[in-house]
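Read the structure below first, then the notes.
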Amino acid sequence: MKNSNITILTVGGAFTAYCIGAGFASGQETLQFFGAFGGMYPFILPVTCFILMFLFCYGTYRAGAAKHFSDPSMAYTYYCGPYLGKAVDWFCTLSIALCTLIMFAGSGATVNQYLGLPVYAGTIFMGVISVIIVCLGLEKVTDVLGCAGVIIIAIMFVVGIYNVTTSPVTIIQGQEHVLQYVQEGRIMQGAFMGIHEPFIAQLFLVGAYITLGVVFNVALGSRCHSQKEIVGSAFLSAAFFTLGVILVLATMLLNLDYIASIKAQVPMLAAIENSLPALALPFSIIILIGVFTTITGYLWAFGRRFAEDKTKKQRIIVIVVAIIGVTIASYIPLGQLVNAIYPVVGIAGVLLLIGIIYRMFTDKEGFHDDVAETFAPANTNTSTTDR
12 MKNSNITILT VGGAFTAYCI GAGFASGQET LQFFGAFGGM YPFILPVTCF
62 ILMFLFCYGT YRAGAAKHFS DPSMAYTYYC GPYLGKAVDW FCTLSIALCT
112 LIMFAGSGAT VNQYLGLPVY AGTIFMGVIS VIIVCLGLEK VTDVLGCAGV
162 IIIAIMFVVG IYNVTTSPVT IIQGQEHVLQ YVQEGRIMQG AFMGIHEPFI
212 AQLFLVGAYI TLGVVFNVAL GSRCHSQKEI VGSAFLSAAF FTLGVILVLA
262 TMLLNLDYIA SIKAQVPMLA AIENSLPALA LPFSIIILIG VFTTITGYLW
312 AFGRRFAEDK TKKQRIIVIV VAIIGVTIAS YIPLGQLVNA IYPVVGIAGV
362 LLLIGIIYRM FTDKEGFHDD VAETFAPANT NTSTTDR
């Protein structure tokens, strides 16, 4: 019983730290896809998010525990078949490259918003440092700094609780002018292919999490050794993530007028500056560390897909991708990149989610408590970076 509870907590915590990284911490995706629709949507969308995340986590943990794939990327074929699975696999690889743009833009926006320096100063600095680290093959550095995700969660929890308990206005009052701010272009509203429908937009945002996290989740699922651990881990993963969404969303909606007044590209940082300014500097530093660990992981993974580690070919690929990423991220604002990229990346995730749900009902083998004994030992190396 005790070991099962530890496994559930460990898996739930690992999933949350993976998802709530630098991209989430900026607040852009939460504000656009949860908070920019007004009315009761900020209260309804977290509930639907929990349901989608639970289905995703349950399906991937179940597969990881039962199948013990020798290579977690085999999950693409398992969920989507040999041909579509191959296409989804490559799409996910390209999605990693696309998401480096968001990370570079996040570093530039943070430096610009807090220090007043040009956006390109932050993107170039982050580009140079990350390329050096990846080309030297110093993966252990990112492992050590991976604790940034945990610190981000802690700060968001403190700020969220503080704002909810001390704000002179309610969330309903705080978001009173949200649609006006959207019309004025002060904040952006999540959409998919120009469709500004909150549930569709959210589906493809969750799809982006699935695209970037399905391999990680399948590997994570190999730690589960019973049906109880699978269900418990899936529930806790979805609950922790949704709690993070609620705390970030509440913080930003309670400070929405200030965020809109400065057209903040890093709305969570703006909310902290307005409510708990003493935490603004450490939060800025933690965002940059989180961006660093994420970018190095993305660049390494993309380069490794086409060449062996630490080879000249891999280094050239990494340098080219970084140069393109820094150039684009220096000129296109973070909010626009989040608005454009995540829904596109989410296309593969939605296909995977359909495959995950289909497998949940059609895979007769499923999982039973002694199934682990019928497979080879799992590859439990889930070392990866935060989003």
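For the sequence shown, this note's numbering begins at 12 and goes up steadily by one.
C-beta atoms are modelled at their ideal positions from N, C-alpha and C, and glycine is treated no differently.
Cβ-Cβ separation, residue j to residue i (assumed contact under 8 Å), whole Å
i: Val142; j: Val329; result: 6 Å
i: Ala249; j: Gly75; result: Not a contact, Cβ separation roughly 16 Å.
i: Met167; j: Val259; result: 6 Å
i: Val226; j: Ala108; result: Going by Cβ atoms, the distance from Val226 to Ala108 rounds to 16 Å, so no, they are not a contact pair.
i: Ala281; j: Ala275; result: 4 Å
i: Leu66; j: Ile334; result: Incorrect: roughly 39 Å between the Cβ atoms, too far for contact.
i: Tyr353; j: Leu214; result: Rounded, the Cβ-Cβ distance is 11 Å, inconsistent with contact.
i: Gln200; j: Gln43; result: 6 Å
i: Val175; j: Ala47; result: Val175 to Ala47, Cβ: 20 Å. No contact.
i: Gly366; j: Tyr90; result: 3 Å
i: Val256; j: Phe54; result: The pair is not a contact, with the Cβ atoms about 12 Å apart (cut-off 8 Å).
i: Ser106; j: Leu223; result: 7 Å
i: Gly49; j: Leu190; result: 5 Å
i: Asn228; j: Cys103; result: Going by Cβ atoms, the distance from Asn228 to Cys103 rounds to 13 Å, so no, they are not a contact pair.
i: Thr41; j: Met263; result: 7 Å
Residue i, buried or exposed, once every other Cβ within 10 Å from all chains shown has been counted against 16
i: Asp82; result: exposed
i: Ala202; result: buried
i: Ile183; result: exposed
i: Asn392; result: For Asn392, the predicted structure reports a pLDDT of 45, less than 50, and the residue's modelled location is therefore unreliable. A value from the coordinates is still provided. With fewer than 16 other Cβ atoms within 10 Å, it is exposed.
i: Leu147; result: exposed
i: Tyr94; result: exposed
i: Ile17; result: exposed
i: Phe210; result: exposed
i: His207; result: exposed
i: Lys97; result: exposed
i: Thr181; result: exposed
i: Gly218; result: buried
i: Gly357; result: buried
i: Phe35; result: buried
i: Thr373; result: exposed
i: Ile172; result: exposed
i: Ile273; result: exposed
i: Phe80; result: buried
i: Ile135; result: buried
i: Gln186; result: buried
i: Ile144; result: buried
Alpha helix (DSSP H) segment containing residue i, residue limits
i: Ser400; result: The question about residue 400 has no answer, for the chain in this structure spans 12 to 398.
i: Ser248; result: Gln238 to Leu265
i: Ile221; result: Pro209 to Gly232
i: Lys97; result: Pro93 to Leu126
i: Val145; result: Val130 to Leu147
i: Phe67; result: Tyr52 to Lys78
i: Met279; result: Pro278 to Ser286
i: Ile306; result: Ala291 to Phe317
i: Gly401; result: No answer is possible for residue 401: the residues shown for the chain start at 12 and end at 398.
i: Phe372; result: Leu345 to Thr373
i: Ile206; result: Per DSSP, Ile206 belongs to no alpha helix (DSSP H) and is neither H nor E.
i: Gly185; result: Ile182 to Gly185
Own chain residues within Cβ distance below 7 Å of residue i, not counting five before or after
i: Gln39; result: Pro278, Leu345, Gly346 and Val349
i: Thr111; result: Ile306, Tyr309, Leu310, Val332 and Gly336
i: Ile19; result: Glu240, Gly243, Ser244 and Leu247
i: Val155; result: Confidence in Val155 is poor, its pLDDT being 49 and thus under 50, which makes the residue's placement unreliable; the coordinate value appears in the next sentence. Around Val155: no qualifying Cβ.
i: Ser341; result: Gly119, Val130, Tyr131 and Thr134
i: Met137; result: Phe115, Ser118, Val302, Phe303 and Ile306
i: Ala312; result: Ile107
i: Ser295; result: Thr121, Tyr125 and Leu280
i: Gly23; result: Ser244, Leu247, Ser248 and Phe251
Cut-off 6 Å between Cβ atoms - residues of its own chain near residue i, not counting five sequence neighbours on either side
i: Ile339; result: Leu112
i: Val402; result: Outside the shown range of the chain (12 to 398) lies residue 402, about which nothing can therefore be said.
i: Phe252; result: Thr27, Cys30 and Met64
i: Gly314; result: Gln325, Ile328 and Val329
i: Ser178; result: Leu265
i: Gly232; result: Thr71, Tyr72, Gly75 and Ala76
i: Asn14; result: none
i: Tyr192; result: Ile198 and Ala271
i: Ala212; result: Phe44, Gly201, Ala202 and Phe203
Residues near residue i in its chain [Cβ-Cβ closer than 8 Å; skip 5 each side]
i: Ile343; result: Leu112 and Ala116
i: His188; result: Leu267, Asp268 and Ala271
i: Thr21; result: Arg234
Assess contact between the segment 291-304 and the segment 161-173, defined as three or more Cβ pairs (one per stretch) separated by less than 8 Å. Is contact present?
A contact between stretches requires three or more CB pairs, one per stretch, nearer than 8 Å, and the segment 291-304 meets this requirement with the segment 161-173.
Please determine if the segment 123-132 and the segment 356-366 are in contact, where contact requires at least 3 C-beta pairs separated by less than 8 Å.
Because the criterion of three Cβ pairs below 8 Å is not met, the segment 123-132 and the segment 356-366 do not touch.
For the segment 283-295 against the segment 51-62, do three or more pairs of beta-carbon atoms, one drawn from each stretch, fall closer than 8 Å, so that the two count as touching?
At 8 Å Cβ cutoff, the stretches do not touch.
Are the segment 115-125 and the segment 251-271 in contact at 8 Å, needing three or more beta carbon pairs?
Pairwise C-beta distances place the segment 115-125 out of contact with the segment 251-271, as fewer than three of them are shorter than 8 Å.
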